[in-house]
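Trainee:
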Amino acid sequence: MQDHAMRQTESTITNRRPRRYQSPSVIFPITTAVIAALSLPLWIWISVVGIASPTGIGLETPLKLAAGFAVMFTVFVWSEVVPVKVEVRRETLMVSLSELPLVIGLLVLPWYLVIATHVISGIAVYIFRKDGWRNSFLNLALISAETGTALGAMVVVHAITGEAATGLLPVAVGVLAGALMSSLIVGVAYQQLGPAEPLGHVVSRAAFSAGFVIIVSLALFTLWNSGTAGPPLVAALTVVMVAIYLTFRAMMTKHANLNQMYDIVKAVGIAREDTSRWPEMLEMVRQHHNAAIAALYLETGFGDVRPVADHLVALAVNPEGTQALPAIPTTDALLEQARTGGPARASVDEANSPEIAESLRIRGASDVMVVVLRSNDEIRGYLEVRNRLSRWGEFSDEDAEFLETMSGHLATALENVRLMSNLRDEAYRDSVTGLRSRTGMAVDAELALTLGKLGSVVLIQLGTISAVNNALGYQHGEELLVAAGKRIRNLNPATRRVARLESDLFAILMEPMEEEILTRQVRDVLNSVGAAFSLAGVDVEAEPHAGIAFVQPNANPALEGVALFQRAEMALLAGRNRNESLEIYRPTMGETYRRRFNLVTQFRQAVESGHISVYYQPQVTLRNQELRGVEALVRWQHPEFGMVNPAEFVKAIEATGSIDILFDHVLNTCLKQSNLWLGRGLRIPVAVNVSVRNLTADFPDRVAAALATHQVPGELLTLELTESNMMADPEQSLPILSALHAQGIKIAVDDFGTGYSSLAYLRRLPVDELKIDRSFIQGMSTALGDLAIVRSIIDLGHSLNLQVIAEGVEEESSREVLRSMRCDGMQGFLFSRPQPIDRFEAWLAARTVRSVHESTEAPVLRVVG
1 MQDHAMRQTE
11 STITNRRPRR
21 YQSPSVIFPI
31 TTAVIAALSL
41 PLWIWISVVG
51 IASPTGIGLE
61 TPLKLAAGFA
71 VMFTVFVWSE
81 VVPVKVEVRR
91 ETLMVSLSEL
101 PLVIGLLVLP
111 WYLVIATHVI
121 SGIAVYIFRK
131 DGWRNSFLNL
141 ALISAETGTA
151 LGAMVVVHAI
161 TGEAATGLLP
171 VAVGVLAGAL
181 MSSLIVGVAY
191 QQLGPAEPLG
201 HVVSRAAFSA
211 GFVIIVSLAL
221 FTLWNSGTAG
231 PPLVAALTVV
241 MVAIYLTFRA
251 MMTKHANLNQ
261 MYDIVKAVGI
271 AREDTSRWPE
281 MLEMVRQHHN
291 AAIAALYLET
301 GFGDVRPVAD
311 HLVALAVNPE
321 GTQALPAIPT
331 TDALLEQART
341 GGPARASVDE
351 ANSPEIAESL
361 RIRGASDVMV
371 VVLRSNDEIR
381 GYLEVRNRLS
391 RWGEFSDEDA
401 EFLETMSGHL
411 ATALENVRLM
421 SNLRDEAYRD
431 SVTGLRSRTG
441 MAVDAELALT
451 LGKLGSVVLI
461 QLGTISAVNN
471 ALGYQHGEEL
481 LVAAGKRIRN
491 LNPATRRVAR
501 LESDLFAILM
511 EPMEEEILTR
521 QVRDVLNSVG
531 AAFSLAGVDV
541 EAEPHAGIAF
551 VQPNANPALE
561 GVALFQRAEM
571 ALLAGRNRNE
581 SLEIYRPTMG
591 ETYRRRFNLV
601 TQFRQAVESG
611 HISVYYQPQV
621 TLRNQELRGV
631 EALVRWQHPE
641 FGMVNPAEFV
651 KAIEATGSID
661 ILFDHVLNTC
671 LKQSNLWLGR
681 GLRIPVAVNV
691 SVRNLTADFP
701 DRVAAALATH
711 QVPGELLTLE
721 LTESNMMADP
731 EQSLPILSAL
741 HAQGIKIAVD
751 DFGTGYSSLA
761 YLRRLPVDEL
771 KIDRSFIQGM
781 STALGDLAIV
791 RSIIDLGHSL
801 NLQVIAEGVE
811 EESSREVLRS
821 MRCDGMQGFL
831 FSRPQPIDRF
841 EAWLAARTVR
851 SVHESTEAPV
861 LRVVG
């Protein structure tokens, strides 16, 4: 019973290895000393009281006593070496049969001979089995405590019942008491080593197994002494019991092997390439073979387990946990034997060549078994166990067969892990640059946040990729992305993750550092990426911008990753808007983008609820101050933000697809008002601003339908596009603008002078008006350059037979200068600010008089005052 007790954490609970609180090297000697101290008084008392030897058995002669000793020695050794294994669900019960010879011996032999035989057989087993001295001394102390308790209990039962101390009842009670004492001591000792089975489970299981063995022993003893038929019946019953047990054990062993095989393969699938979880799988292998060490060598590494030069590095475990092992050369004799001849087994007693002996010496092992991990005819690595513990003999053929079968499943599982890892790497890698993708970067960021290794995220965007794609082609655009990615990658340590998130947007995960150091490093990257690239014989500058966001303290890794990239993008956009190459996220930026988000999401409701209104600003001819039309300007009276600048919300909704809703609302409002003016005999042209995103194939039909609905002729509608919008894609714009022009609608180029118009395109486009940007008008009174630009625009427009309108006229002097340059019209605060329709109607009544055009005699409104 005692050796079983000291092996219970190795062999009883096969699914879990306890986390040690104290080392066995400390607990075992202490436990041995305590047992010895408690056993000594007990043995002194037993020696004083004395126990009479059994009588009437016929074993009193020295020769018979010697024969009894020999038989008892053999049975004791056999009971220690071959415990009965019983599988209950996923738990293996190791039932030692040492109680059987102890019960029979106490019934037929002098107690001192039984005890001496028990101790001597134990010593022989421990020496042959090469148990450590700590285990050996502890087990001998347990024999002392167990047998001492048994003899003491026999004396007590004898005193109570009057039955001879070596009778059936005292022996049964005594042996059971000894088994319970042994299990109690072992249970308490293992509680100090770490989380283990509850003490009650250990003692109850010991009571069950010992009680069963005692009952069988007493039954066999009684049957043997029942008459002449007794011995044959005992022999037959023993043969039947052994046969049943062997059959049951074979079935249970096969079942246990399949369960362990499944558990190990499942553990590999769960662990995948996360080597931190592989020791759990290796521990299962080690426990199954009851080996001192289980090791895994991989030809192609996963995680941190990598081959080094011509040596293989092992991931290994022992009963204490993971263990560092010396690297094994790939030319190792045992590895070579496993590669070419199946499972390799060797021991110091049977080393048949110097090479095998050297392999054992390198490992510091006396007994080794190695199998190859092979998948798809490729060797993936090797699985190895060393130095069998607490059993008779060395690794067997059955062990080798099981390890080889396990290696096949393990190799397949590892191959699946490798394939999944490759697929995941493909998904996590950008196909153009070879850097990480957005998906991979999100995973990396969450992991780094969890480990506390992420300090900030840097986003870098190239400013010229669209121009390169348009001018040189997409092939050279990708060439620019690859070259820029290499510069970013080369300027960062290999441990930093660098990714291309999308289009021309790159990202870097930075470890925690001071802001000053971080900005200096990022500026170095910007300077490198900003240097010219040679593409198709042309030097191209990428014009990079960067946004930085720092990790917030105590953030949830699962949520902070996404938020961190969003904050970095806010900083990037803010920097681009301010024309800053580097911007760091500040909390105020979050307010800005929250406001923008609210404007975008609330826009449609604002249109429906009437918060989006149209203001009108008059346009006047310079020659005779006739009202030549009005420009419709949109305004948003927001319930939270107040009056919102059109430049703010128009830019926001342009990117969301809501710009069509805005245009339709303004167009229909203006045309409805035009219809009312026509009813009053006023022909006032209306100019409506158009976004380039409005210019879809069905746009001319939508405008025509609106004109028809409100019964307004096309010549009373002007559509204004900014110069940059009109030149963004003139080939696409041309047929759409031509279709609009064919309906009599006028086309005006707004903010002229701020873009880069091609005169060739300008001449081809059906344009009627040029509107000079207000910045030139307001600056021409003090800057000769602005004055020259205004004059050139007016001359250009007239040379192309276009009307020229000046925006932003606020001073009388500006009007006089424009009149001297024969500008056609003007618009600005000098005459009127943009006004809602009711105030504009009041302005019309107060500031205009009806007249007739001097050449056409058509009715017009002339501005007075």
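For the sequence shown, the tail end lands on 865 under the UniProt record's numbering, and the numbers increase by one without skipping. Just so you know, even glycine gets a beta-carbon here, dropped at the ideal spot from N, CA and C. Predicted, not measured: the structure shown is a model, and the values here were computed from it.
Going by C-alpha distance, which of 133, 128, 406 is nearest residue 394?
Mentor: For this step, residue 394 is matched to residue 394 along the sequence shown. With distances taken between Cα atoms, residue 394 lies closest to 128.
Trainee: Here's a check: name, in chain order, each residue in its chain whose Cβ is nearer than 7 Å to the Cβ of residue 741, leaving out the five neighbours to either side.
Mentor: As a position in the sequence shown, residue 741 is number 741, starting the count at 1. For residue 741, where only same-chain residues beyond five positions count, the Cβ hits under 7 Å are 747, 766.
Trainee: Which runs of the beta strand (DSSP E) fall wholly inside the region 700–758 and span at least 3 residues, in chain order?
Mentor: Runs of the beta strand (DSSP E) inside the region 700–758: 717–722, 746–752.
Trainee: Which runs of the beta strand (DSSP E) at least 3 residues long sit entirely within the UniProt domain "GGDEF" (453–584)? Give them in chain order.
Mentor: 456–461, 498–502, 505–510, 533–535, 538–540, 545–550, 582–584
Trainee: What does the alpha-carbon distance come out to for the pair residue 439 and residue 423?
Mentor: Position 439 of the sequence shown, counting from 1, holds the residue named residue 439. Position 423 of the sequence shown, counting from 1, holds the residue named residue 423. Approximately 13 Å, taken between the alpha carbons.
Trainee: Starting from residue 414, follow the beta strand (DSSP E) in both directions and report where the run begins and ends.
Mentor: Residue numbering aside, residue 414 sits at position 414 when the sequence shown is read from its first letter. Here residue 414 belongs to no beta strand (DSSP E); instead the alpha helix (DSSP H) covers 397–427.
Trainee: Since residue 547 and residue 575 should fall inside the 8 Å C-beta cutoff, what is the C-beta to C-beta distance between them, to a whole number of angstroms?
Mentor: By one-based count along the sequence shown, residue 547 stands at place 547. By one-based count along the sequence shown, residue 575 stands at place 575. Right, their Cβ atoms sit about 6 Å apart.
Trainee: Take every Cβ of the region 462–472, pair it with every Cβ of the region 513–524, and state whether three or more of those distances are shorter than 8 Å.
Mentor: no
Trainee: Hey, is the region 408–421 in contact with the region 313–328, meaning 3+ C-beta pairs nearer than 8 Å?
Mentor: no
Trainee: Buried or exposed: where does residue 363 fall if 16 or more other Cβ atoms within 10 Å of its Cβ makes it buried?
Mentor: Start at 1 with the first residue of the sequence shown, and residue 363 comes out as number 363. Label assigned to residue 363: buried.
Trainee: Reducing DSSP to helix, strand and coil, say where residue 332 ends up.
Mentor: Working through the sequence shown from its first residue, we reach residue 332 at position 332. Coil.
Trainee: With 8 Å as the threshold, decide whether the Cβ of residue 762 is near any Cβ in chain C.
Mentor: Given the protein chain composition of this structure (a single chain), no chain C is represented.
Trainee: Tell me the DSSP secondary structure of residue 808 in three-state form.
Mentor: To locate residue 808, count along the sequence shown from 1; it is residue 808. Coil.
Trainee: Quick one: what's residue 612 bridged to in DSSP?
Mentor: The count along the sequence shown starts at 1 and reaches residue 612 at position 612. Note: residue 612 sits in a beta bridge opposite 636.
Trainee: Out of 259, 689, 541, state which residue places its alpha-carbon closest to the alpha-carbon of residue 725.
Mentor: The residue you call residue 725 lines up with position 725 of the sequence shown. For the set 259, 689, 541, the Cα lying nearest the Cα of residue 725 is the one of 689.
Trainee: Since residue 753 and residue 776 should fall inside the 8 Å C-beta cutoff, what is the C-beta to C-beta distance between them, to a whole number of angstroms?
Mentor: Here residue 753 corresponds to residue number 753 of the sequence shown, with the count starting at 1. Here residue 776 corresponds to residue number 776 of the sequence shown, with the count starting at 1. That pair is a contact at about 6 Å.
Trainee: If you draw a straight line from the alpha carbon of residue 260 to that of residue 419, how long is it in whole angstroms?
Mentor: Looking up residue 260 in the sequence shown gives position 260. Looking up residue 419 in the sequence shown gives position 419. Each residue's Cα considered, the two are about 24 Å apart.
Trainee: How about residue 72 and residue 105: do their beta carbons lie closer than 8 Å?
Mentor: Here residue 72 is taken as the residue at index 72 of the sequence shown, counted from 1. Here residue 105 is taken as the residue at index 105 of the sequence shown, counted from 1. Yes. Within cutoff.
Trainee: Looking at the structure shown, is residue 222 part of a helix, part of a strand, or coil, going by DSSP?
Mentor: Taking the first residue of the sequence shown as 1, we reach residue 222 at position 222. Helix, per DSSP.
Trainee: Could you please give the first and the last residue of the uninterrupted alpha helix (DSSP H) stretch that includes residue 666?
Mentor: Counted from its first residue, the sequence shown places residue 666 at position 666. It spans 659–679 - the alpha helix (DSSP H) in which residue 666 sits, taken as one unbroken run.
Trainee: Express the C-alpha separation of residue 315 and residue 333 in angstroms, rounding to a whole number.
Mentor: For the purposes of this step, residue 333 is taken as residue 333 along the sequence shown, with counting starting at 1. For the purposes of this step, residue 315 is taken as residue 315 along the sequence shown, with counting starting at 1. Rounded to the nearest angstrom, the two C-alpha atoms are 20 Å apart.
Trainee: Taking Cβ positions, are residue 107 and residue 49 nearer each other than 8 Å?
Mentor: What you label residue 107 is simply residue 107 of the sequence shown in a count that begins at 1. What you label residue 49 is simply residue 49 of the sequence shown in a count that begins at 1. In this structure, residue 49 does not lie closer than 8 Å to residue 107 by Cβ.
Trainee: Grouping DSSP H, G and I as helix and E and B as strand, with all else coil, what is residue 312?
Mentor: Residue 312 sits at position 312 when you count from the first residue of the sequence shown. Of the three classes helix, strand and coil, the one that applies to residue 312 here is strand, per DSSP.
Trainee: Under 8 Å by Cβ, that's how I've got residue 847 and residue 863 pegged, so tell me the actual separation to the nearest angstrom.
Mentor: Translated into the one-based positions of the sequence shown, residue 847 becomes position 847. Translated into the one-based positions of the sequence shown, residue 863 becomes position 863. Confirmed, Cβ separation roughly 6 Å.
Trainee: Taking the alpha helix (DSSP H) that residue 824 falls in, what are its first and last residues?
Mentor: As a first step, residue 824 must be located in the sequence shown, where it is residue number 824. Segment: none, residue 824 is in no alpha helix (DSSP H) and carries neither H nor E.
Trainee: Flag this pair as yes or no: are the beta carbons of residue 622 and residue 774 separated by less than 8 Å?
Mentor: Locating residue 622 in the sequence shown gives position 622, where the first residue counts as 1. Locating residue 774 in the sequence shown gives position 774, where the first residue counts as 1. Contact flag unset, no.
Trainee: Output the distance between the C-alpha atoms of residue 181 and residue 112, rounded to the nearest integer angstrom.
Mentor: As a position in the sequence shown, residue 181 is number 181, starting the count at 1. As a position in the sequence shown, residue 112 is number 112, starting the count at 1. Spanning the two alpha carbons is a distance of roughly 20 Å.
Trainee: Taking one C-beta from the region 603–614 and one from the region 658–673 each time, how about it: are there three or more such pairs within less than 8 Å?
Mentor: yes
Trainee: Residue 290 to residue 126, Cα distance in whole Å?
Mentor: For the purposes of this step, residue 290 is identified with residue 290 of the sequence shown, where counting begins at 1. For the purposes of this step, residue 126 is identified with residue 126 of the sequence shown, where counting begins at 1. Their backbone Cα atoms lie some 16 Å apart in a straight line.
Trainee: Can you tell me whether residue 241 is helix, strand or coil according to DSSP?
Mentor: In the sequence shown, residue 241 corresponds to position 241, counting from 1. Helix.
Trainee: Check whether the region 35–42 and the region 146–153 are in contact - that is, three or more C-beta pairs closer than 8 Å.
Mentor: The region 35–42 is in contact with the region 146–153.
Trainee: Tell me the DSSP secondary structure of residue 358 in three-state form.
Mentor: Residue numbering aside, residue 358 sits at position 358 when the sequence shown is read from its first letter. Three-state result, residue 358: helix.
Trainee: Between residue 298 and residue 381, which are expected to be in contact by the criterion C-beta below 8 Å, what is the C-beta distance as a whole number of angstroms?
Mentor: The residue labelled residue 298 in the question sits at position 298 within the sequence shown. The residue labelled residue 381 in the question sits at position 381 within the sequence shown. Right, the Cβ-Cβ distance comes to about 4 Å (below 8 Å), so this counts as a contact.
Trainee: Taking DSSP as the reference, what is the three-state secondary structure of residue 848?
Mentor: If you number the sequence shown from 1, residue 848 lands on position 848. For residue 848, the secondary structure class from DSSP, reduced to helix, strand or coil, is strand.
Trainee: Using 8 Å for Cβ pairs, my map puts residue 369 next to residue 385. What's the rounded Cβ distance?
Mentor: In the sequence shown, the residue the question calls residue 369 occupies position 369. In the sequence shown, the residue the question calls residue 385 occupies position 385. Residue 369 to residue 385, Cβ: 5 Å. Contact.
Trainee: Please classify residue 870 as buried or exposed, where buried requires at least 16 other C-beta atoms within 10 Å of its C-beta.
Mentor: Nothing about residue 870 can be read from this structure; the chain reaches only from 1 to 865.
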